[in-house]
Amino acid sequence: MHIRSKHYPDFHRATNTKITYIFKTPSGQTIDFTENSQSLLKSGEKIVPEKEKLDPERLYCPYQGCDISRTDRTGVYSHIRERHYSELPLLKVTARRVNILKTPAGKIMNFSENEQDLLKEGDKIIAELERGEFCCPYQNCDSRRKRQHELYSHIRERHDPEFPRMPARAATYYTIKNSSGDDIEFNESSANMLKPNEKIVVKKELHQQDSQRFYCPYQGCDSSSIYTTGVIGHIRDRHFSKLPQKLGELNKSYFLKTASGQRLTFDVQSKNLLATGDTIVVDKFTKRKRIRTG
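Written as structure tokens, this is what we have:
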């Protein structure tokens, strides 16, 4: 404050605490503001600030003469939009969309330390969207995603709310076709394959390993597990909350049955056995007393 008010009004104001400065005379001699620095400068002589070290974990503004840095891309984008280039679009930094920003010459910017002063004031920034490998099959929709389950979410949100939720490796267990029976592979060959409002036909394929799994017996539910405890926990969470917590070992200490008395085995034949809201009855095995003879 003293130097700025009494000697040099343009003395550097530190706007970024993550940057360390070294101050020097115009001839390059270091000023450490101790007794050794007394009488180093003549009246009206400038003090030259030099950056000593930048934090490599921060992201930096690429415009010349700007020391602003942020800890995330969203912060850098906001700063650029407010101070340098108001036409920069609002960019969401998510796993679904990868934003690529370039200089007018086409150089990709990473906002690292060595890219400071890369742009002149007034230079435009070119924003591009990195396109994913999974393509939406609906006509006039060029949406792509980097992950298949993200494309499934897009289809539910924009085209077909009834499109089922499937695991990431859906192709292993399901066939996905259009209304004509053609396979939908969600790649370039599937683009513009479906008309607006056309339904996607999804069918569960029966694999050899399915005989080793246990299935939810409620209609419209494809949940399964390699353990009966997994299916029972799923039923308790999603369909029938009154199912007791601690039951013991299925088919040894207890068994489950429908309200009409049909026993639930949780195999493929048990699928869609129960309607939504149907109750499940817990029945415990009773020990038979041995009768001694003779």
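Going by the working numbering, the first residue of the sequence shown is number 1222, and it counts up by one from there. Each residue gets a CB set at the ideal place from its N, CA and C atoms; glycine is no exception.
{"Query": "Following the continuous beta strand (DSSP E) through ASP1458, name the residue where it begins and the one where it ends.", "Result": "That residue, ASP1458, is in no beta strand (DSSP E); its alpha helix (DSSP H) goes 1449-1459."}
{"Query": "Identify whether SER1491 lies in helix, strand or coil by the three-state DSSP scheme.", "Result": "helix"}
{"Query": "When the Cα atoms are used, what is the spatial distance from TYR1436 to TYR1448?", "Result": "9 Å"}
{"Query": "GLY1498 to ARG1457, Cα distance in whole Å?", "Result": "12 Å"}
{"Query": "Would you report the Cα separation of GLN1430 and SER1445, rounded to the nearest angstrom?", "Result": "Interpretation of GLN1430 is limited by its pLDDT of 49, a score under 50 that renders its predicted location unreliable; the figure taken from the coordinates is listed afterwards. The straight-line gap from Cα to Cα measures roughly 12 Å."}
{"Query": "Helix, strand or coil for LYS1424 per DSSP?", "Result": "strand"}
{"Query": "Leaving aside the five residues before and after THR1251 along the sequence, list all residues of the same chain whose C-beta is less than 7 Å from its C-beta, in chain order.", "Result": "ILE1243, LYS1245"}
{"Query": "Which residue or residues does DSSP assign as beta-bridge partners of GLU1349?", "Result": "ILE1321"}
{"Query": "When DSSP labels each residue in this structure, what does ILE1405 get in the three-state scheme?", "Result": "coil"}
{"Query": "Would you mind sorting SER1307 into buried or exposed? The rule is 16 or more other CB atoms within 10 Å of its CB.", "Result": "exposed"}
{"Query": "Using a Cβ-Cβ cut-off of 9 Å, state whether LYS1341 counts as contacting chain C.", "Result": "Going by chain labels, chain C is absent from the structure shown, which holds only one protein chain."}
{"Query": "In the DSSP assignment, what are the bridge partners of GLU1271?", "Result": "ILE1243"}
{"Query": "When you compare the region 1401-1414 with the region 1338-1351, are there three or more beta-carbon pairs, one atom per stretch, that lie closer than 8 Å?", "Result": "no"}
{"Query": "For HIS1380, count neighbouring Cβ atoms within 10 angstroms of its own Cβ and tell me buried if that reaches 16, exposed if not.", "Result": "buried"}
{"Query": "By the three-class DSSP mapping on this structure, what secondary structure does THR1295 have?", "Result": "helix"}
{"Query": "Compare the Cα-Cα distances from CYS1362 to each of GLU1409, ALA1326, ASP1344 and report the closest residue.", "Result": "GLU1409"}
{"Query": "In terms of alpha-carbon separation, which member of SER1248, ARG1304, LYS1367 lies closest to LYS1341?", "Result": "ARG1304"}
{"Query": "For LYS1323, which option in LYS1425, GLN1337, PRO1382, LYS1345 has the closest C-alpha, if you only look at C-alpha atoms?", "Result": "LYS1345"}
{"Query": "The alpha helix (DSSP H) that contains GLY1372, what's its start and end?", "Result": "A quick correction: the sequence has Leu, not Gly, at residue 1372. Where LEU1372 is concerned, the enclosing alpha helix (DSSP H) stretches over 1369-1379."}
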